[in-house]
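Residue numbering for the sequence shown follows the numbering used here, beginning at 91 and increasing consecutively. Built from N, CA and C at the ideal position, the CB exists for glycine as well. Let me begin by presenting the structure, written as structure tokens, before commenting on it.
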Amino acid sequence: MGREIENILDILNFYKVLGFKELPEVFLSSLLKGEKTQNTHSKDKLDKTLTALNEEIRICKKCILSKERTQAVCGEGNANAKLMFIGEAPGVDEDRQGRPFVGEAGNLLTSLIEKMGFKRQEVYITNTVKCHPPGNRDPLEEEVSLCFDYLKREIEIISPKVIITLGKVATYTLMGMKGKIKDIAISKIRGNVFLYKNIPVIPTFHPAYLLRNRKDKWLTWEDAQEALRRLK
Ligand code: URA
């Protein structure tokens, strides 16, 4: 219990250092709810709920990304996963194949997952935004907020023990960061653990960044080890 208070104080302090004037709703609800929403549903029920959500995502036309996509890209993996990875948005390869993280960055993510001792199909992999932004641009704040409802529901269904956010878009979204605060580099945020609805969130670099900056891979490996410690 004492340790938990210490963790929460660390998070509060880091929000302050980042320049937050108020605590974001996603963090406050962690404090107020107190308990993790552990999923007690059967695997069959979870698969069905996830399939229904994915049907909605596939026909979504909430934002302009739906106009240029080949297809929406839903999350994939084990509906009972203890570990969930959240990326930014599908790239060109993912848009073509309809699956998350299947390009070069995806291969790097798969090798990280395997190094952590899992098979890719044992974890759950998804994106903050489900459609490919044209020209591989960053998703706009409005696109992220329109898509966030799908991600919230995915997290609720999977109910993982630990979430690893890959890169700034997923990290800022789960941390409730908006506006100017988003200028802060992910390198300043990683190394800290946050809570999203009482689930520990471990921010790390996006695999596409690591392909360009291989020297930082060891930092992501440190983040992965923190995730493994929390899964034990
Ligand atoms: N980058 C992402 O953020 N997600 C993918 O699915 C692929 C590349």
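*Measure the C-alpha to C-alpha separation of Phe-295 and Met-206 and round it to an integer number of angstroms.*
Taking the sequence shown and counting its residues from 1, one reaches residue 295 at position 205. Taking the sequence shown and counting its residues from 1, one reaches residue 206 at position 116. Near 16 Å, if we compare the C-alpha coordinates of Met-206 and Phe-295.
*CB Ala-171 to CB Pro-250, shorter than 8 Å?*
By one-based count along the sequence shown, residue 171 stands at place 81. By one-based count along the sequence shown, residue 250 stands at place 160. Contact: yes.
*Tell me whether the beta-carbon of Ser-120 lies closer than 8 Å to the beta-carbon of Lys-287.*
Locating residue 120 in the sequence shown gives position 30, counting from the first residue. Locating residue 287 in the sequence shown gives position 197, counting from the first residue. For Ser-120 and Lys-287, yes; Cβs fall inside 8 Å.
*Roughly how many whole angstroms lie between the Cα atoms of Lys-106 and Asp-134?*
Taking the sequence shown and counting its residues from 1, one reaches residue 106 at position 16. Taking the sequence shown and counting its residues from 1, one reaches residue 134 at position 44. Lys-106 and Asp-134: Cα-Cα distance of roughly 43 Å.
*Starting from Asn-197, trace the beta strand (DSSP E) both ways and give me its first and last residue.*
Taking the sequence shown and counting its residues from 1, one reaches residue 197 at position 107. Run containing Asn-197: none in the beta strand (DSSP E); it sits in the alpha helix (DSSP H), 194-205.
*From the DSSP output, in three-state form, read off Thr-160 for me.*
Mapped onto the sequence shown, residue 160 falls at position 70. Coil.
*If you pair each beta-carbon of the region 142-153 with each one of the region 225-240, do three or more pairs fall below 8 Å?*
Here the region 142-153 lies against the region 225-240, with 3 or more beta-carbon pairs under 8 Å apart.
*For Arg-319, count neighbouring C-beta atoms within 10 Å of its own C-beta (all shown protein chains included) and say buried if the count is 16 or more, exposed if not.*
Translated into positions along the sequence shown, residue 319 becomes position 229. The residue in question, Arg-319, is exposed, as its Cβ has fewer than 16 Cβ neighbours within 10 Å.
*In the DSSP assignment, find the unbroken alpha helix (DSSP H) run with Met-265 in it and report its ends.*
Working through the sequence shown from its first residue, we reach residue 265 at position 175. Element bounds for Met-265: 258-265.
*What are the partner residues of Glu-166, as DSSP defines its beta bridges?*
Here residue 166 refers to the residue found at position 76 of the sequence shown. Looking at the DSSP assignment, Glu-166 forms a beta bridge with Ile-215.
*Helix, strand or coil at Val-291 [DSSP, three-state]*: In the sequence shown, counting from the first residue as 1, residue 291 sits at position 201. In this structure, Val-291 counts as strand in the three-state DSSP scheme.
*Sheet register partners of Val-116 (DSSP bridge)*: Here residue 116 is taken as the residue at index 26 of the sequence shown, counted from 1. The partner list for Val-116 (beta bridge, DSSP) is empty, contrary to what the question assumes.
*asked:* By alpha-carbon positions, which one of Val-259, Glu-204, Gly-266 ends up nearest to Ala-275?
replied: The count along the sequence shown starts at 1 and reaches residue 275 at position 185. Per the Cα distances, Val-259.
_Going by DSSP in three states, Leu-285 sits in which element: helix, strand or coil?_
Against the sequence shown, residue 285 aligns to sequence position 195. Three-state DSSP puts Leu-285 in a strand.
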